[in-house]
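The letter at position 228 of the sequence shown is residue 237 when you use my numbering, and the numbering goes up by one with no holes.
Each remark here refers to the structure printed beneath this line.
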Amino acid sequence: VPDFTWWEVANMWALSAFAAVWVFALGANLGSFLNVVVYRLPRGMPLALSVSRCPKCANPIAVRDNIPIISWLRLRGRCRACGQGISPRYPLVEAAVGGLLVLLFYVELHSGGANLPTRTPTGSGLVWLLTLPAWDLIALTCIHFALLYVLLGIALMQADRRAVPWKLTIFAACVGVAGAPVMVVPLTTHWPAILADSTLLQDFATCVMGLAAGVAWGVLHLGLRRASNLAPSSRRVQVRRAVLVALALVGMYLGWQAVTVVAVAAAGLRGIAVMLSPIWPPVVRVPSSAYVAVATLAQLVSWRWQTTIPYWPGPSSPLLLLAVIVAAATVVLALRSRPVAGDSSIAALSRR
Ligand SMILES: [Zn+2]
Numbered sequence: 010v011p012d013f014t015w016w017e018v019a020n021m022w023a024l025s026a027f028a029a030v031w032v033f034a035l036g037a038n039l040g041s042f043l044n045v046v047v048y049r050l051p052r053g054m055p056l057a058l059s060v061s062r063c064p065k066c067a068n069p070i071a072v073r074d075n076i077p078i079i080s081w082l083r084l085r086g087r088c089r090a091c092g093q094g095i096s097p098r099y100p101l102v103e104a105a106v107g108g109l110l111v112l113l114f115y116v117e118l119h120s121g122g123a124n125l126p127t128r129t130p131t132g133s134g135l136v137w138l139l140t141l142p143a144w145d146l147i148a149l150t151c152i153h154f155a156l157l158y159v160l161l162g163i164a165l166m167q168a169d170r171r172a173v174p175w176k177l178t179i180f181a182a183c184v185g186v187a188g189a190p191v192m193v194v195p196l197t198t199h200w201p202a203i204l205a206d207s208t209l210l211q212d213f214a215t216c217v218m219g220l221a222a223g224v225a226w227g228v229l230h231l232g233l234r235r236a237s238n239l240a241p242s243s244r245r246v247q248v249r250r251a252v253l254v255a256l257a258l259v260g261m262y263l264g265w266q267a268v269t270v271v272a273v274a275a276a277g278l279r280g281i282a283v284m285l286s287p288i289w290p291p292v293v294r295v296p297s298s299a300y301v302a303v304a305t306l307a308q309l310v311s312w313r314w315q316t317t318i319p320y321w322p323g324p325s326s327p328l329l330l331l332a333v334i335v336a337a338a339t340v341v342l343a344l345r346s347r348p349v350a351g352d353s354s355i356a357a358l359s360r361r
């Protein structure tokens, strides 16, 4: 154990604090971009090459008035041009993404991957990170951050009652496929003979199995909602598909076992919210995909700890469990596509 003088310790603390501020500022700027994406993408507006404008008066926002969090506080939540209020959601999203990046930086990268299952933690600390950068862990942290970032975007679009654009879904899925080789969590130990020799094929198989489980859980979530509401409008159905997109992406990025834990946890969180709604009514306005985002963050933080719980879905889970989930979703899908006389007449009435 090396002996550090107080001066060296103070220096390391200063370096750590500087890193935290820098990472937070980076995250807040990415959060600012997420606000732009959530506003423009569902409206079919271009993302880049145009200045930010006030959503109320459409006047361009100057660079000095577009600093994440700080500008909103300095202008007391009002547009400089028209004086109308700017939603506190913008700085809150910026702060949330900043906080998310700091959390992931410490929990996953700074710790040397101490939160990840099946991966031996490498070194830890900022000095280790700067001197012996573990590129696979850096890539993995970026991929996990990208997942949480997209999930937050999906939840915000659902809160705005906008359907998740296909462009976003396909882009996020492509990142998931491209990132498959660095998603170092080997999710099963018994691969069939054709996959036994190729880690690349195993990585893509993990990705495909995760996608299947995510879509299946999404279908089960939607089936549950459908049962509680007989005749939702087609627009509401489209908006609700956000939960399916969210779970499909979690499956692709984290594997079928993790998305199983996330789907059950998200349903549990929603159940708690429904029970709390008589005491605090606004809780029903929380979109279903937001619970998936929260459960995914909890999953990433507690992943290694979960592997110590007996029978918890992990690398040694039997593939039979995955087959049961997919079969259950297929049954729900078959029942849903069969027209029910009472259901369709109610739907026809509500359309008039
Ligand atoms: Zn304005």
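Idealized CB from N, CA, C, for every residue including glycine.
Do residue i and residue j have their C-beta atoms within less than 8 Å of each other?
{"i": "Leu56", "j": "Val72", "result": "no"}
{"i": "Pro51", "j": "Arg171", "result": "yes"}
{"i": "Pro126", "j": "Pro324", "result": "yes"}
{"i": "Ile79", "j": "Gly86", "result": "no"}
{"i": "Met218", "j": "Leu331", "result": "yes"}
{"i": "Phe154", "j": "Gly107", "result": "no"}
{"i": "Val252", "j": "Ser297", "result": "yes"}
{"i": "Ala37", "j": "Asn68", "result": "no"}
{"i": "Gln275", "j": "Val301", "result": "At residue 275 the sequence reads Ala, which differs from the Gln that was named. Yes, Cβ-Cβ distance for Ala275 and Val301 is below 8 Å."}
{"i": "Leu258", "j": "Leu156", "result": "yes"}
{"i": "Ser41", "j": "Pro97", "result": "no"}
{"i": "Arg279", "j": "Asn124", "result": "no"}
{"i": "Ala189", "j": "Asp212", "result": "yes"}
{"i": "Ala299", "j": "Ala164", "result": "yes"}
With residue i as the anchor, note down where its alpha helix (DSSP H) starts and where it stops.
{"i": "Glu117", "result": "No alpha helix (DSSP H) contains Glu117, which DSSP labels as neither H nor E."}
{"i": "Tyr262", "result": "Ala251 to Leu263"}
{"i": "Tyr158", "result": "Trp144 to Ala168"}
{"i": "Leu84", "result": "Element bounds for Leu84: n/a, residue is neither H nor E."}
{"i": "Met21", "result": "Trp15 to Arg49"}
{"i": "Tyr300", "result": "Ser297 to Gln315"}
{"i": "Ile179", "result": "Trp175 to Gly188"}
{"i": "Thr140", "result": "Leu135 to Thr140"}
{"i": "Gly108", "result": "Arg98 to Leu113"}
Note down the Cα distance separating residue i from residue j, rounded to an integer number of angstroms.
{"i": "Met261", "j": "Leu306", "result": "15 Å"}
{"i": "Ala350", "j": "Val340", "result": "Annotation note: pLDDT 48 at Ala350 (below 50); position unreliable, coordinate value reported separately. Each residue's alpha carbon lies about 19 Å from the other."}
{"i": "Arg361", "j": "Ala29", "result": "For Arg361, the predicted structure reports a pLDDT of 41, less than 50, and the residue's modelled location is therefore unreliable. A value from the coordinates is still provided. Cα-Cα distance, rounded: 56 Å."}
{"i": "Asp206", "j": "Leu146", "result": "24 Å"}
{"i": "Ala230", "j": "Ala221", "result": "In the sequence as presented, Ala is not what sits at residue 230; that position holds His. Approximately 14 Å, taken between the alpha carbons."}
{"i": "Trp81", "j": "Ser120", "result": "34 Å"}
{"i": "Ser353", "j": "Arg345", "result": "Only weak support is given to the placement of Ser353: the predicted model assigns it a pLDDT of 49, under 50, and the value that follows is read from those uncertain coordinates. For Ser353 and Arg345, the distance between alpha carbons rounds to 12 Å."}
{"i": "Asp12", "j": "Ala26", "result": "21 Å"}
{"i": "Thr14", "j": "Ala23", "result": "14 Å"}
{"i": "Leu285", "j": "Leu256", "result": "24 Å"}
{"i": "Met21", "j": "Ala168", "result": "42 Å"}
{"i": "Met54", "j": "Arg249", "result": "22 Å"}
{"i": "Val254", "j": "Cys151", "result": "20 Å"}
{"i": "Asn44", "j": "Gly185", "result": "22 Å"}
{"i": "Pro142", "j": "Pro287", "result": "51 Å"}
{"i": "Arg62", "j": "Gln93", "result": "13 Å"}
{"i": "Cys2", "j": "Asn75", "result": "The chain is shown only over 10 to 361; residue 2 falls outside these bounds and no answer can be derived."}
{"i": "Leu109", "j": "Lys65", "result": "29 Å"}
{"i": "Ile334", "j": "Leu263", "result": "16 Å"}
Use the C-beta contact count for residue i: other C-beta atoms within 10 angstroms, 16 or more gives buried, fewer gives exposed.
{"i": "Ala187", "result": "exposed"}
{"i": "Leu139", "result": "exposed"}
{"i": "Thr215", "result": "buried"}
{"i": "Ile355", "result": "Legend: pLDDT at Ile355 = 49, less than 50; position of this residue unreliable, value from coordinates given subsequently. Exposed is the call here."}
{"i": "Gly277", "result": "exposed"}
{"i": "Trp265", "result": "buried"}
{"i": "Ala373", "result": "In the structure displayed, the chain extends from 10 to 361; residue 373 sits before or after that span and is not available."}
{"i": "Pro322", "result": "buried"}
{"i": "Val273", "result": "exposed"}
{"i": "Ala338", "result": "buried"}
{"i": "Glu17", "result": "exposed"}
Does the beta carbon of residue i come closer than 8 Å to any beta carbon on chain C?
{"i": "Val102", "result": "Going by chain labels, chain C is absent from the structure shown, which holds only one protein chain."}
The stretch 185 to 194 in contact with the stretch 269 to 276 per 3-pair CB rule at 8 Å: By the criterion of at least three beta-carbon pairs nearer than 8 Å, the stretch 185 to 194 is not in contact with the stretch 269 to 276.
Determine contact between the stretch 175 to 189 and the stretch 316 to 323, defined as no fewer than three beta-carbon pairs at a distance below 8 Å. The stretch 175 to 189 vs the stretch 316 to 323: no contact.
At a cut of 8 Å, does the stretch 128 to 142 reach the stretch 100 to 112 through at least three beta carbon pairs? The stretch 128 to 142 vs the stretch 100 to 112: no contact.
Quick check: the stretch 153 to 173 against the stretch 293 to 310, are there 3 or more CB pairs under 8 Å? The stretch 153 to 173, when compared against the stretch 293 to 310, does touch it at the 8 Å Cβ threshold.
I want to know whether the stretch 243 to 250 touches the stretch 206 to 226 - three or more CB-CB distances under 8 Å. No: the two stretches stay apart, fewer than three of their Cβ pairs being nearer than 8 Å.
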